[in-house]
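> Numbers 6 to 293, taken from the working numbering, label the letters of the sequence shown in order.
For every residue, glycine included, the Cβ atom is placed at its ideal position computed from N, Cα and C.
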Amino acid sequence: MVYIRKLRLILLLTIVALSLPQARCLGRRAPRAAANVSNGNRKRGGRNRRNAKSDPVPVITEKIDCRPLSMKAAVGYGMILSLNSGFVNGICLSGLLSFDGTKQASAAVTGAWTNSALGLANGKMDQFSFNLSCILSYVFGSFSAGYVNPNPKIFEVSVVATRTLFIAASILLYSASVLCGEEEAGRSYILLALIANGIQNSVTSSATGNLVRSSHFSGISSDIGTFLGQFLRGNNDNLLKLKVFSTLALCFWSGGYLSFSMVESFGSSAILVSSALYMILAIGAGFL
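Written out as C-alpha cells, the structure is:
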C-alpha cells in the first residue's frame, strides 16, 4: 500500500535525523586526556605506578557545542513552543483533518491511559489499540530526546542534540500533513504529532529543570492552583513559577484557539506552520 511506503520513508528519515549527533560525537574524546594521565603517572613514585595498573583510566570528554540558556530566553522559547503544541493539539482534537472524525489530543496522553483501559474492559480492541499506540508514540518521542541527549544540563543547550531533535520533529509534522485525511493511513498523522510533542516536551523540561513544560498542561494547571493559593496566603516562594506557568498556559490556549480558523482556511497545510517552526528553531539553535 502507498501509505505503508510513506510511513517507512518517514521512519527512515526520522531515524537518520536522530542518528546525526551520534555520528558527529563518535570518538570525540579530549586529545590531551591520555597524555595528562601518562604525565601524571610519571611524576608519581613507584608505588603509584604499581597502583595505576589496577586503577581505571579516567575518560575525559569534550564539552561539545553547548550554549548557556538564560531564564528569560528559556521562558521566551517556552512561550513559542507552548503556542505551537496548543496549535497542533487543537488540530488533532478538532477532528477536522481525520477521515473518520477522530478527535484525539496530541499534547498529552492522560485521557489515552483511561480510554485504553476502558477499551480493553469493554472488549473494544480498536479503542484499546489506538489509545495504546498514542501512549507509546508520546513515550517514544520523549525516549528519543533522552537517547539523543542523555546528560542534559539545566539552562544549557546542546546545539547538536537540540538541532537534531527539532529536525526530526519537523519531519514528523511535515509527514503528518501529508497523511491527513487519507483513509488508508487511518489516524497515523495523530501518532506522528504525538511523537513530535513528546520530543518537544522532553527537550524543554530537561533544559529548564521542569520550569518550562511546553506540551503537557495537566500538571501545570495543578501547580498554578497550588501556587496561587499559597500566594493569597502570603507565601511568595513560588511567585515566579506562578507567573511562568500562567504565561505558558495562556500561550497553549491561544494556540488551540488559532488552530480552528487555520484548519478551516488551509486544511492539512496548517500543520506545515508547526513543521516550519521546528525547522527554524533547529537552524537557530546554533545562534543562542
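Please name the residue in T167, L178, Y283 whose C-alpha comes closest to that of I200.
Here the closest residue by C-alpha is L178.
> So, with DSSP's three-state summary, where would you put S162?
According to the sequence as given, residue 162 is Val; it is not Ser. DSSP places V162 in strand when its eight states are reduced to three.
> With burial defined as no fewer than 16 other Cβ atoms inside 10 Å of the residue's Cβ, what is the status of M84: buried or exposed?
It is buried - the Cβ of M84 has at least 16 other Cβ atoms within 10 Å.
> Shortest alpha-carbon distance to H295 belongs to which of T107, S111, M76?
The structure shown does not extend to residue 295, since the chain is modelled only from 6 through 293, so no value can be given for it.
> Grouping DSSP H, G and I as helix and E and B as strand, with all else coil, what is C71?
Three-state result, C71: strand.
> To the nearest angstrom, how far is it from the Cα of S273 to the Cα of R168?
S273 and R168: Cα-Cα distance of roughly 25 angstroms.
> Taking Cβ positions, are T213 and A79 nearer each other than 8 angstroms?
In this structure, A79 lies closer than 8 angstroms to T213 by Cβ.
> Does any heavy atom of the ligand ATP sit closer than 7 angstroms to the C-beta of S251?
Among the components of this structure there are no ligands whatsoever, and the ligand ATP is therefore not found.
> Closest by CA to I225, which one among Q235, S251, G239, N120?
Nearest of Q235, S251, G239, N120 to I225, Cα basis: S251.
> Ends of the alpha helix (DSSP H) at Q109?
It is not in any alpha helix (DSSP H) - Q109 carries neither H nor E in the DSSP assignment.
> Quick one: any contact between the region 193-207 and the region 92-108, if contact means 3 or more CB pairs under 8 angstroms?
Enough Cβ pairs lie closer than 8 angstroms, so yes.
> Thinking C-alpha only, which one of L277, T115, A290, G191 is nearest D131?
Comparing Cα-Cα distances from D131 to each of L277, T115, A290, G191, the minimum goes to G191.
> Kindly indicate which three-state DSSP category D60 falls into: helix, strand or coil?
Model confidence at D60 stands at a pLDDT of 48, short of 50, so the residue's coordinates are unreliable and nothing is read from them.
> State yes or no: is the beta carbon of S219 nearer than 8 angstroms to at least one beta carbon in chain D?
Protein chains in the displayed structure number just one, and chain D is not present.
> Hey, S163 and L277 are a contact pair by Cβ (cut 8 angstroms); roughly how many whole angstroms apart?
Rounded, the Cβ-Cβ distance is 27 angstroms, inconsistent with contact.
> Take V144 as the anchor and find which of N154, K108, I204, S264 has the nearest alpha-carbon.
The candidate whose alpha carbon is nearest that of V144 is I204.
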